[in-house]
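Residue numbers (the numbering used here), protein chains in the order written: chain A, 1 to 268; chain B, 269 to 880.
This is the structure:
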């Protein structure tokens, strides 16, 4: 399996046939039909049984949405038990055997990718895993969605190759594209890149206005790093306060006893 | 004399608990989807916002009172310390139980102990809650043991009390603030009015305020339930303390908004802005100002109303930050299902019942216990009176209570199971929403054509063949009728945009680029489209051959030349056995009866008829 695998999707080439969706469902053994609609669930068409989808945008643009496989994924960083894992090669995968079902990953993902099997009594978090097991075992040489694309709108290679190809296309046809590679640097870079002739900011919550190039896990780590010191510091402060106050009370009691010749030991 | 108020209150609690038990069965049998209104855009709802976020904050009274009484030696609040610590213990127990409902795989909850991810704030919260629950259990133990024969053990635990208290305060500091840390990673979800890099600190300070208010409210409620004399000295002292703490919190919260330049967002009249105003007024500003007035502090009613107001305000803060304010980002409405409310209230009811049980049997509040025991004693000593039928039937004292309460519980459980939502049979829809399956009717009015998409896709080579017809990578070919581009039925090159080409090729000087140097500016002496559009046009393919021309085809030509050659070939093929396939009526409306024969083999769905 190649290091740092990456998908480049060129929105200008997509005809919206959804062959990628069918291929994805097949290789991952997902139910053929879509899940029954659940209020609030399908903002973009993704659900627990549909790991990639094609979003229609005005003027007949088609944008394929899938997990971005971030370089520093928020979902991996927030999982309290490490059920979401960033593999050494790059794809972000999920281990149901470890998961407790807290669904923090679903909230932490800026793109709203992890979905839940709401109708199951034994539910999993489901999302694109970049066909990791099949790629790893060499069963396929590119993800099923890429293999199924009839127009080569979505292609596969190492991240460096894909970035080079994207820059080449931007330079070759500058008037055709918005001069930006979505996923190049946002939240520290993702392994699914997009070229388009429209803005793709809508792929992230809040149109990505709150997202910077800084990886999201840094935000929590800044607060978590000093935790051991806060813990011990609080103990120290409380301990010394107790000691000071106790000692002061004792001295006052002694003083009172000295003055009055035996006061009551109220503090004890 | 029996306390009717208490009896009714407990009965109500048992009903609520019974209903929750029914929902609990439903939740574990059928999954979260049936029992909640949660969705992929709102994966955390009432159970996290109220039970966990709110529950932990509500139980903050435990560590606040431990610090006030045992570290700062404010002995006048001694009476409040034990109830506060007991509440904290039950509160954290409730959080743990609430989590069992909310977790998708609750039987894996122990994984937090085994699989570590120190970068997750939830990991830290989980550990702190586990440890603090243990610490609280140790803090509660002396209360339970005090009047038992196990005096040696009791003394052992009292000696242990101080280090345990300090450890409890240390742990509380951490996870009260870590609940805020949990939201730090979602600046894109949490509304700017609630999002701040100081969220951990804000959560810690607000937990202290809420803790004090909660201790007051609790004291008021037990006073009311057991018809005791209110401990006004302690309450007004706490109210004064609350006033100071709330003033600090308000300054901190508003100052933080000011620092970030978000203060104007509060007054912009938007839904989050108004929510924020309600929250800060309820939680902090109103109680802060009124608690500062001595006359209010002396009034029992004033104290319980303001304490309740503040408690509700802070719970609203937790719900806002962890859920309600996120509606702003997802634009998806979420309102908890009644089943969610039922579980939340049921857990609270169970806690209240356990609290009252301990209050009545162990020296949580020594004076209170004596009063309860005295009442029990007089009741037992009282001379037998004439017993009405109900009393004979139900018995007295605990027998009556057990009968009535268990009946209420079971009745509520049965009612809950009857009305609880059941899963509906799954409705399957098509996986691929591109017009892949059915028979389409395309084209304008009388020239409408019936077209079996799936059949053509299969013929042309299956899934790889989309680009053969959906050519030019024209966006929206799946949903766009051909006439959108081929506007004129009969005019060749009607999709050719001359102006756009001139503009793209830099003005009038560019004529020769297509028409040739010194040639007349007509269609005939010009380049083929495919000479320039080597890639944008469709790849050479057996179905569409028309682009090897000097102009784009008319609509009629485009359709006819794509369809007819193949249809004619197939019509001649005996194996296909559709002799009329090559005739007009095979696709168009009208035509002779024999021509229509082909169409009748494939019934046209009614709803497709009107979609031209």
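Think of the CB as a built atom: it goes at the ideal place given N, C-alpha and C, for glycine as much as any other residue. Just so you know, these numbers come straight off a predicted model, no measurement behind them.
Extent of the continuous alpha helix (DSSP H) run through residue i
{"i": "residue 636(B)", "result": "634-649"}
{"i": "residue 277(B)", "result": "272-298"}
{"i": "residue 29(A)", "result": "Segment: none, residue 29(A) is in no alpha helix (DSSP H) and carries neither H nor E."}
{"i": "residue 441(B)", "result": "419-452"}
{"i": "residue 379(B)", "result": "379-382"}
{"i": "residue 481(B)", "result": "467-493"}
{"i": "residue 659(B)", "result": "657-662"}
{"i": "residue 500(B)", "result": "500-528"}
{"i": "residue 588(B)", "result": "568-590"}
{"i": "residue 226(B)", "result": "Outside the modelled stretch of chain B, which goes from 269 to 880, sits residue 226(B), for which no answer is possible."}
Residue-chain proximity (residue i, chain A), Cβ-Cβ < 7 Å
{"i": "residue 474(B)", "result": "no"}
{"i": "residue 372(B)", "result": "yes"}
{"i": "residue 376(B)", "result": "yes"}
{"i": "residue 289(B)", "result": "no"}
{"i": "residue 434(B)", "result": "yes"}
{"i": "residue 379(B)", "result": "yes"}
Within-7 Å CB hit, residue i to chain B
{"i": "residue 111(A)", "result": "no"}
{"i": "residue 81(A)", "result": "yes"}
{"i": "residue 173(A)", "result": "no"}
{"i": "residue 205(A)", "result": "yes"}
{"i": "residue 9(A)", "result": "no"}
{"i": "residue 210(A)", "result": "yes"}
{"i": "residue 165(A)", "result": "no"}
Contacts of residue i in chain B (Cβ-Cβ under 9 Å)
{"i": "residue 77(A)", "result": "385, 387, 388, 453"}
{"i": "residue 249(A)", "result": "341"}
Interface residues of chain B facing residue i [CB-CB closer than 7 Å]
{"i": "residue 252(A)", "result": "Per Cβ cutoff of 7 Å: no residues; residue 252(A) is ~11 Å from chain B at best."}
Under 9 Å by beta carbon: chain A residues contacting residue i
{"i": "residue 308(B)", "result": "38, 40, 41, 42, 43, 46, 47, 48, 106, 112, 114, 115, 116, 118"}
{"i": "residue 437(B)", "result": "234, 235, 238"}
{"i": "residue 597(B)", "result": "205, 206, 210"}
One or two residues paired with residue i in a DSSP bridge
{"i": "residue 298(A)", "result": "Residue 298(A) is absent from the structure shown; chain A starts at 1 and stops at 268."}
{"i": "residue 70(A)", "result": "190(A)"}
{"i": "residue 7(A)", "result": "156(A), 192(A)"}
{"i": "residue 86(A)", "result": "92(A)"}
{"i": "residue 856(B)", "result": "717(B)"}
{"i": "residue 47(A)", "result": "50(A)"}
{"i": "residue 125(A)", "result": "116(A)"}
{"i": "residue 182(A)", "result": "194(A)"}
Amino acids of chain A, ordered along the chain, whose beta-carbon sits closer than 8 Å to that of residue i
{"i": "residue 602(B)", "result": "40"}
{"i": "residue 300(B)", "result": "116, 118, 123"}
Residue i: contacting residues in chain A (beta-carbon distance under 7 Å)
{"i": "residue 457(B)", "result": "107, 205"}
{"i": "residue 297(B)", "result": "121"}
{"i": "residue 312(B)", "result": "103, 107"}
{"i": "residue 461(B)", "result": "The premise fails here: residue 461(B) is roughly 13 Å from chain A at the closest Cβ pair, so nothing lies under 7 Å."}
{"i": "residue 442(B)", "result": "227, 230, 231"}
{"i": "residue 449(B)", "result": "220, 223, 224"}
Interface residues of chain B facing residue i [CB-CB closer than 8 Å]
{"i": "residue 86(A)", "result": "The contacting residues do not exist; residue 86(A) stays about 12 Å from chain B at best."}
Problem - the region 213-232 of chain A: positions lying closer than 7 Å to chain B by Cβ - result: 216, 217, 219, 220, 221, 223, 224, 227, 230, 231
Exercise for the section: Scan the region 88-109 of chain A for residues whose Cβ lies nearer than 7 Å to a Cβ of chain B and list them as they occur along the chain. Expected result: 98, 99, 100, 101, 102, 103, 104, 106, 107, 108
Exercise for the section: Closer than 9 Å, Cβ to Cβ, to anything on chain B: give me those residues from the region 64-76 of chain A, in chain order. Expected result: 74, 76
Problem - Near-chain B residues of the region 120-147 of chain A (beta-carbon distance less than 9 Å), N- to C-terminal order - result: 120, 121, 122, 123, 124, 125
Handout entry: Short-range partners of chain A found in the region 336-355 of chain B, where Cβ spacing is below 9 Å
Key = 338, 339, 340, 341, 343
Handout entry: Contact residues within the region 388-408 of chain B, judged by C-beta distance below 7 Å to chain A
Key = 388, 389, 390, 391, 392, 394
Exercise for the section: Compile a chain-ordered list of the residues in the region 231-245 of chain A whose CB is closer than 7 Å to at least one CB of chain B. Expected result: 231, 234, 235, 238, 239, 241, 242, 245
Problem - Members of the region 465-498 of chain B near chain A, C-beta cut-off 7 Å - result: 468
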